[in-house]
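J.: What follows is a structure written as structure tokens; I'll ask about it next.
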Ligand code: ADP
Ligand code: MG
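Residue numbers (the numbering used here): 2 to 729.
Below, the structure is given as structure tokens:
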């Protein structure tokens, strides 16, 4: 049986991974070629497809795959959610209303006298009578399966019906000889349509049976300090809970398995980082030209900006390729820092690109850069999707000929026909708006391109280690001086009339406002309708000059409305999606957010960051549907009390439970199997430290512990893929 599974594993080549068994039969040619990627033999059974399990055929396999994954390994990490106790009892002493298990003898079957009535089975356990009741769809087959006189183990909720004790639709009615499998404590697994939780449990237990004991990869001292079991024992404990506490995310065996996963991930990220440090790049040095541009700015850099700029310059000049992420709150001043790096590249006689996710944003960056760069004699170009025909061709020609040193643009930049003479530096603004392959395509336009990514979504440190552990991260954690705090208040929906009235007065004085209607309902269409009717009612009250943008609009239309707002031709912009991150509308001084309680704190903070950029005092109104829960109240309070994006991100994490705290799954956050980025966040930092130590001491993972760690990595199968690029 095992041999069969192993063979099955070796044949399942579904991820393009060549298994060692295949190499043996195919000869040495392959063995040499794939030696580095060989999966340890001990893991073969776990990487066999789920069809290697009993009872998993072509019909069930897709359901299992949907629930857990396509391989046996995926099932062993599928955690039970709760337990059901099925204590043994006698019918006479049984507790009504509770789930219990009894050993009974079948006395007789009572077919329903009329349609619509249940099928009943009379039983007796030596202490009292018990009726098993089956509604609809159950009939004579019950009589065949459980003939009169046979002994059965029955489990379910004991109830009283008139004078009778009964169990309606028992969970188990089993022949104790054939399959006495009524567990006293039953772990409840997630189920899916067509695959019952109990069937899942059976498969999981079979998969766990197959899991081998593996050499310990954790540090012995750390394990004993934590009081954690071995991997195999932790796995067994995960699937043999005695109580709901054992199913808790913080149970010791669960934390051990989570730590394994986090360590595997941090090691993958750490190895990736080491590799990248090994790819060379011609150094770019700090230039007098950039100093000149900096000196000409109407302000001086904040300390944080200065620090981050030095970090970038240290990378650029190191001879190894830069892979750095700059995190900074909205308005922290990332653009100017990027600009000085761009000038350094241009001063070296090379080329640099700044990529933004929207036309409007690219245009804004271009406008910001134009004067300082022109003055310094750096030739600048804008390239977006709007460039067509001859003018586009001319721009492309100037790029190839190095007549342009800095190009600002959108997705248009990474198109195949865009070529550079010598692209040295790529800056990606709002990097999460681009896919990995999009960034990679731009990076491949030069031989040793250095990468600077920018993000305006501050995330807590622990999450930073998870999402960007393979990068160097800089934080601009200070805002330029003189910013006025945005006055933030919360108001219940019934007071919307007052809010609109105040808005009317403000608009009358020439102020501009954002009005956000979230897309949260089951159907986007209802939300959209809500936003449209809000725009209509505001138009009525304010007398025109209200624009609407939503996610389903073609981006050109959206850009046009946004541009009208930026130009001051619209007073109020109603938006369903998050207003284009990064867009600067200095005249906008009011932000109204409907159903604010539905947003994450970090999101609210981002939205609020759209205002308060000009000289005028700005305000943010959080409209909510009363009553607010205690947590929701607290969340809105946090927002009123602080303007520090990093602090808010930490609070957001604290105030939310487990699951997907910041909508991270959509933003490239790894989908952990066991680990929970919130509940196990204390372990993330430890795992990152641990991984660093391990790789310092044993970068090739060849010591005995290193070998065990390789098995761990394969077990979790992290393809060491970068969060920012997949180019070497
Ligand atoms: P973000 O980090 O959100 O991209 P920007 O780069 O758009 O922020 O900067 C926001 C505004 O702050 C811009 O108008 C910019 O000119 C200004 N700014 C940047 N740095 C400073 C500074 N050190 N002192 C004063 N104003 C600054
Ligand atoms: Mg910006």
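Note that beta-carbon positions come from the ideal geometry of N, C-alpha and C, so glycine has one too.
#1: Assess contact between the region 117-136 and the region 99-108, defined as three or more Cβ pairs (one per stretch) separated by less than 8 angstroms. Is contact present?
#2: Is residue 481 near residue 336, with beta carbons less than 8 angstroms apart?
#3: Please report the residue range of the beta strand (DSSP E) in which residue 328 lies.
#4: Within the same chain, show all residues whose beta-carbon is closer than 6 angstroms to that of residue 158, passing over the 5 residues directly before and after it, in chain order.
#5: Can you give me the C-alpha to C-alpha distance between residue 530 and residue 547, rounded to a whole angstrom?
#6: By the 10 Å Cβ neighbour count, where 16 or more other Cβ atoms means buried, how is residue 519 classified, buried or exposed?
#7: Which of the three DSSP states, helix, strand or coil, is assigned to residue 473?
#8: Between which residues of its own chain and residue 9 is the CB-CB distance below 8 angstroms, once the five residues before and five after are set aside?
#9: Just to check, is the beta-carbon of residue 646 closer than 7 angstroms to a non-hydrogen atom of the ligand ADP?
#10: Can you give me the start and stop residues for the beta strand (DSSP E) that residue 1 sits inside?
#11: Using three-state DSSP, classify residue 517 as helix, strand or coil.
#12: Give me the Cα-Cα distance between residue 614 and residue 585, rounded to the nearest whole angstrom.
#13: Could you say which of 242, 509 and 501 lies nearest to residue 1 if we only look at CA atoms?
#14: If you draw a straight line from the C-alpha of residue 709 to the C-alpha of residue 217, how long is it?
#15: Should the region 465-481 be called in touch with the region 310-328, which here means at least 3 C-beta pairs below 8 angstroms?
#16: Less than 7 angstroms between C-beta atoms, sequence neighbours within five positions excluded: which residues of the same chain meet that for residue 397?
#17: So, under 8 angstroms CB-CB, residue 73 and residue 46 are touching, yes? Tell me the CB distance rounded to an integer number of Å.
#18: Report the start-end ranges of each beta strand (DSSP E) in the region 121-187 that is 3 residues or longer and not cut off at the edges.
#19: Check whether the Cβ atoms of residue 589 and residue 622 lie closer than 8 angstroms to each other.
#20: From the DSSP output, in three-state form, read off residue 623 for me.
#21: Please classify residue 446 as buried or exposed, where buried requires at least 16 neighbouring CB atoms within 10 angstroms.
#22: Give the straight-line distance between the Cα atoms of residue 427 and residue 467, rounded to the nearest whole angstrom.
#23: Just to check, is the beta-carbon of residue 430 closer than 7 angstroms to a non-hydrogen atom of the ligand MG?
#24: Out of 156, 120, 61 and 123, which has the shortest C-alpha to C-alpha gap to residue 95?
#25: Report yes if the C-beta distance between residue 251 and residue 461 is below 8 angstroms; otherwise report no.
#26: Are the CB atoms of residue 207 and residue 55 within a distance shorter than 8 angstroms?
#27: Is it buried or exposed for residue 448, if we count other Cβ within 10 angstroms and need 16 for buried?
#28: Taking the continuous alpha helix (DSSP H) assigned at residue 685, which residues delimit it?
#29: Measuring straight from C-alpha to C-alpha, what distance separates residue 226 and residue 673?
#30: Taking residue 545 as the reference, which of 551, 555 and 575 has the closest Cα?
#31: Buried or exposed for residue 431, please, with buried defined as at least 16 other CB atoms from any protein chain shown within 10 angstroms of its CB.
#32: For a cutoff of 8 angstroms on Cβ pairs, would you count residue 705 as touching chain E?
#33: Can you check whether the CB of residue 212 is closer than 8 angstroms to the CB of residue 77?
#34: Identify the residues that DSSP records as bridge partners of residue 318: which are they?
#35: Spell out the partners DSSP gives residue 86 in its beta bridges.
#36: Among 231, 277, 491 and 274, which has the Cα closest to the Cα of residue 258?
T.: So, from the listed chains and residues:
#1: With a cut-off of 8 angstroms, the region 99-108 and the region 117-136 count as touching, because enough Cβ pairs lie within range.
#2: No; because the gap between Cβ atoms is not below 8 angstroms, this pair is not in contact.
#3: Per DSSP, the unbroken beta strand (DSSP E) holding residue 328 starts and ends at 324-329.
#4: Counting only Cβ-Cβ distances below 6 angstroms, and skipping sequence neighbours, we find 100.
#5: One Cα belongs to residue 530, the other to residue 547, and the distance between them is close to 16 angstroms.
#6: Burial check for residue 519: the Cβ neighbour count within 10 Å reaches 16 or more, so the residue is buried.
#7: In the three-state DSSP reduction, residue 473 falls in the strand class (E or B).
#8: Residue confidence for residue 9 is low, a pLDDT of 35 falling below 50, so the modelled location carries little weight and cannot support an answer.
#9: For residue 646, the distance from the CB to the nearest heavy atom of the ligand ADP is not below 7 angstroms.
#10: In the structure as shown, the chain starts at 2 and stops at 729, and residue 1 therefore has no counterpart that could be examined.
#11: Three-state result, residue 517: strand.
#12: Taking the straight line from one Cα to the other gives about 8 angstroms.
#13: Given that the chain is displayed from residue 2 to residue 729, the structure contains no residue 1 and the question cannot be resolved.
#14: About 6 angstroms.
#15: Contact between the region 465-481 and the region 310-328 is present, with at least three C-beta pairs closer than 8 angstroms.
#16: Cβ neighbours of residue 397 beyond the five flanking positions: 418 and 419.
#17: The pair is a contact, with the Cβ atoms about 7 angstroms apart (cut-off 8 angstroms).
#18: You should have 130-135, 152-162, 165-169 and 173-175.
#19: The answer is no: Cβ separation not under 8 angstroms.
#20: Here residue 623 carries a strand assignment [DSSP, helix/strand/coil].
#21: Around the CB of residue 446, 16 or more other CB atoms lie within 10 Å, so the residue is classed as buried.
#22: One Cα belongs to residue 427, the other to residue 467, and the distance between them is close to 23 angstroms.
#23: For residue 430, the shortest C-beta to heavy atom distance toward the ligand MG is below 7 angstroms.
#24: Ranking the options by Cα distance to residue 95, first place goes to 156.
#25: Taking 8 angstroms as the Cβ cut-off, residue 251 and residue 461 do not qualify as a contacting pair.
#26: In this structure, residue 55 places its C-beta atom within 8 angstroms of the C-beta atom of residue 207.
#27: By the neighbour-count definition (other C-beta atoms within 10 Å, threshold 16), residue 448 is an exposed residue.
#28: Run containing residue 685: 682-698, per the alpha helix (DSSP H) assignment.
#29: Looking at the backbone, the Cα of residue 226 and that of residue 673 are separated by about 25 angstroms.
#30: The shortest Cα separation from residue 545 among 551, 555 and 575 belongs to 575.
#31: Residue 431 should be labelled buried.
#32: Here there is only one protein chain, and chain E is not present.
#33: The answer is yes: Cβ separation under 8 angstroms.
#34: Paired residues: none, contrary to the question.
#35: DSSP output for residue 86 lists 186 as bridge partner(s).
#36: Of the residues 231, 277, 491 and 274, the one whose Cα lies closest to the Cα of residue 258 is 231.
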